[in-house]
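**Q**
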Amino acid sequence: MTGFATLNGENGVFNWTWDLRSVNAKGLDIRQRVPDWIEGLEAAVRVELNKVLSRGSVSLALKIQKKEEQGALALNRTQLSNVLQALHEAETVAAEQGVNLAASRSVDILNVRGVLETASDGGDQKALLAVLLKQVPVLLNRFQEMRQTEGKALHTVLSEQLTQVETLTADATIVAERRQVETAKKLHTNLKRVMENADGVDSERVAQELAIIAVKADVTEELDRLRAHVEAARDFLKKGSPVGRKLDFLMQEFNREANTLCSKAQLIDLTRIGLDLKSVIDQMREQIQNVE
39 MTGFATLNGE
49 NGVFNWTWDL
59 RSVNAKGLDI
69 RQRVPDWIEG
79 LEAAVRVELN
89 KVLSRGSVSL
99 ALKIQKKEEQ
109 GALALNRTQL
119 SNVLQALHEA
129 ETVAAEQGVN
139 LAASRSVDIL
149 NVRGVLETAS
159 DGGDQKALLA
169 VLLKQVPVLL
179 NRFQEMRQTE
189 GKALHTVLSE
199 QLTQVETLTA
209 DATIVAERRQ
219 VETAKKLHTN
229 LKRVMENADG
239 VDSERVAQEL
249 AIIAVKADVT
259 EELDRLRAHV
269 EAARDFLKKG
279 SPVGRKLDFL
289 MQEFNREANT
299 LCSKAQLIDL
309 TRIGLDLKSV
319 IDQMREQIQN
329 VE
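Counting in my numbering, the sequence shown runs from 39 upward without gaps.
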């Protein structure tokens, strides 16, 4: 989701700069700072942004200013009247209090803000709007190009992390199979000892309890689901954006299986693999926050 792009433009009367950037977010949050005197600009730009974006905190700013050399100076008669009225009142109050004010100069009055304005009408607003909107796709293309470059790098990182999960799952399968054989031997030995030293014990009941213990310790389903999650994640990466929310959910499933694996481990080697899985999955979750 991270991206940045700028674009400059001018139409002979105005010059401007677009600034578009985004950072990670769970949903799509678009914030615009564009001149409100250009009617219809904000709404039209939002439509264009929604066409290509589905996730991220997006900030778009347009700074536009009139060229200094454009137009002759024009007198704002309303503002001049207000200034002269205020000046007259100030002189009257000063005279009542016996204060003599220096004579006002015309240049001082003309320098009051708003008395003189640039005579240029700024051109046709609709024409300006059309020029600005024509630039929006260009800006978005630059923005998307940067995001695609980052996306390719992120794709490589996530693919490597999925390979790590796959390798650790394969290692866990080997350890779990070895543990299963060892556990069966221990259960058989313990069962034999119990039966030899206990009179009146229901052998079927004992066998049922041991079977329940064996089922609770079995991690076959967790390992199968981890392999399935790896394949699903790879399919999502092949499809391309927008898959960020789906990958977010899938990471929760990855983490759930890794937690269950650790809780069922009962063997230091399997616990170690489970912890390594959790570490890689946490790294993946952080990276996926930047996937649209």
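Using N, Cα and C, we set each Cβ at its ideal position, and we do this for glycine too.
If we count the other Cβ atoms within 10 Å of its Cβ and call it buried at 16 or more, is Val121 buried or exposed?
**A** As a first step, residue 121 is located in the sequence shown; it is residue number 83 there, counting from the start. Classification for Val121: buried.
**Q** Keeping to the same chain, check which residues put their C-beta closer than 6 Å to that of Gly160; ignore five residues upstream and five downstream.
**A** Counting from one through the sequence shown, the residue named residue 160 turns up at place 122. Model confidence at Gly160 stands at a pLDDT of 49, short of 50, so the residue's coordinates are unreliable and nothing is read from them.
**Q** Just curious, the beta strand (DSSP E) that Asp98 is in, first and last residue?
**A** As a working mapping, residue 98 is identified with position 60 in the sequence shown. Note on residue identity: the sequence assigns Leu, not Asp, to residue 98. It spans 94-104 - the beta strand (DSSP E) in which Leu98 sits, taken as one unbroken run.
**Q** Specify the secondary structure class of Val61 as computed by DSSP and reduced to three states.
**A** Sequence index remark: in the sequence shown, residue 61 carries index 23 (1-based). Note: Val61 maps to strand in three-state DSSP.
**Q** What are the boundary residues of the beta strand (DSSP E) that includes Glu330?
**A** For the purposes of this step, residue 330 is identified with residue 292 of the sequence shown, where counting begins at 1. From DSSP, Glu330 is part of no beta strand (DSSP E); its letter is neither H nor E.
**Q** For Ala210 and Leu58, which I take to be in contact (beta-carbon distance under 8 Å), what is that distance rounded to the nearest angstrom?
**A** Counting from one through the sequence shown, the residue named residue 210 turns up at place 172. Counting from one through the sequence shown, the residue named residue 58 turns up at place 20. Incorrect: roughly 45 Å between the Cβ atoms, too far for contact.
**Q** Just mark Ile102 as buried or exposed, buried being the case when its beta carbon has 16 or more other beta carbons within 10 Å.
**A** Taking the first residue of the sequence shown as position 1, residue 102 is located at position 64. Buried, by the Cβ-count rule.
**Q** Would you mind stating whether Asn328 and Asn62 have Cβ atoms separated by less than 7 Å?
**A** For the purposes of this step, residue 328 is taken as the residue at position 290 of the sequence shown. For the purposes of this step, residue 62 is taken as the residue at position 24 of the sequence shown. Yes, Cβ-Cβ distance for Asn328 and Asn62 is below 7 Å.
**Q** For the beta strand (DSSP E) that contains Leu66, what are its first and last residues?
**A** Sequence index remark: in the sequence shown, residue 66 carries index 28 (1-based). Looking at the DSSP string, the run of the beta strand (DSSP E) that includes Leu66 is 66-71.
**Q** How would you label Ala157, buried or exposed, when you count the other beta carbons within 10 angstroms and need 16 or more for buried?
**A** Locating residue 157 in the sequence shown gives position 119, where the first residue counts as 1. In this prediction, Ala157 scores a pLDDT of 49, lower than 50, which makes its location untrustworthy; the coordinate-derived value is nonetheless stated afterwards. That one is exposed.
**Q** Check Gly47 in the structure and name its three-state DSSP category.
**A** Locating residue 47 in the sequence shown gives position 9, counting from the first residue. Three-state result, Gly47: strand.
**Q** What separation, rounded to the nearest whole angstrom, lies between the Cα atoms of Gln304 and Val213?
**A** As a working mapping, residue 304 is identified with position 266 in the sequence shown. As a working mapping, residue 213 is identified with position 175 in the sequence shown. Looking at the two C-alpha atoms, the distance is approximately 11 Å.
**Q** Could you check whether Ser142 and Gly94 sit closer than 7 Å to each other, using their CB atoms as the reference points?
**A** The count along the sequence shown starts at 1 and reaches residue 94 at position 56. The count along the sequence shown starts at 1 and reaches residue 142 at position 104. Contact: no.
**Q** Which residues in the same chain have their Cβ closer than 6 Å to the Cβ of Gly47, if we skip the five residues on either side of it in sequence?
**A** Translated into the one-based positions of the sequence shown, residue 47 becomes position 9. Cβ within range, chain order: Trp54, Gln173.
**Q** Is Val318 closer than 7 Å to Gln202 when the C-beta atoms are compared?
**A** Here residue 202 is taken as the residue at index 164 of the sequence shown, counted from 1. Here residue 318 is taken as the residue at index 280 of the sequence shown, counted from 1. It is a contact, given that the beta carbons lie within the stated cut-off.
**Q** Along the chain, where does the alpha helix (DSSP H) containing Asn149 start, and where does it finish?
**A** Working through the sequence shown from its first residue, we reach residue 149 at position 111. Careful: Asn149 lies outside any alpha helix (DSSP H) and carries neither H nor E.
**Q** For the putative contact between Leu299 and Ser197, defined by C-beta atoms under 8 Å, what is the C-beta separation to the nearest angstrom?
**A** Here residue 299 corresponds to residue number 261 of the sequence shown, with the count starting at 1. Here residue 197 corresponds to residue number 159 of the sequence shown, with the count starting at 1. Contact flag wrong, Cβ pair sits at about 22 Å.
**Q** At the level of alpha carbons, what is the spacing between Leu206 and Lys64?
**A** Translated into positions along the sequence shown, residue 206 becomes position 168. Translated into positions along the sequence shown, residue 64 becomes position 26. Using only the alpha carbons, I get a separation of about 29 Å.
**Q** State the DSSP-derived secondary structure class of Asn53, mapped to helix, strand or coil.
**A** One-based indexing of the sequence shown puts residue 53 at position 15. Asn53 falls in the strand class under three-state DSSP.
**Q** What does Gly41 pair with, by DSSP beta-bridge criteria?
**A** Residue numbering aside, residue 41 sits at position 3 when the sequence shown is read from its first letter. According to DSSP, which records beta bridges pairwise, Gly41 is partnered with Ser60.
**Q** Within the same chain, show all residues whose beta-carbon is closer than 8 Å to that of Glu291, passing over the 5 residues directly before and after it, in chain order.
**A** For the purposes of this step, residue 291 is taken as the residue at position 253 of the sequence shown. The residues are Arg263, His267.
**Q** Could you tell me the distance, in whole angstroms, from the CA atom of Gln321 to the CA atom of Met289?
**A** Within the sequence shown, the letter at position 283 stands for residue 321. Within the sequence shown, the letter at position 251 stands for residue 289. One C-alpha to the other measures close to 10 Å.
**Q** Please state whether DSSP places Leu313 in a helix, a strand or coil.
**A** Here residue 313 refers to the residue found at position 275 of the sequence shown. Here Leu313 sits in helix by DSSP.
**Q** When the distance is taken between beta carbons, is Ile326 closer than 7 Å to Leu285?
**A** The residue given as residue 285 occupies position 247 in the sequence shown. The residue given as residue 326 occupies position 288 in the sequence shown. Against a cut-off of 7 Å, the Cβ pair of Ile326 and Leu285 comes out as a contact.
**Q** Mark Arg71 as exposed unless 16 or more other C-beta atoms lie within 10 angstroms of its C-beta, in which case mark it buried.
**A** For the purposes of this step, residue 71 is taken as residue 33 along the sequence shown, with counting starting at 1. Classification of Arg71: exposed, given that the 10 Å Cβ count is below 16.
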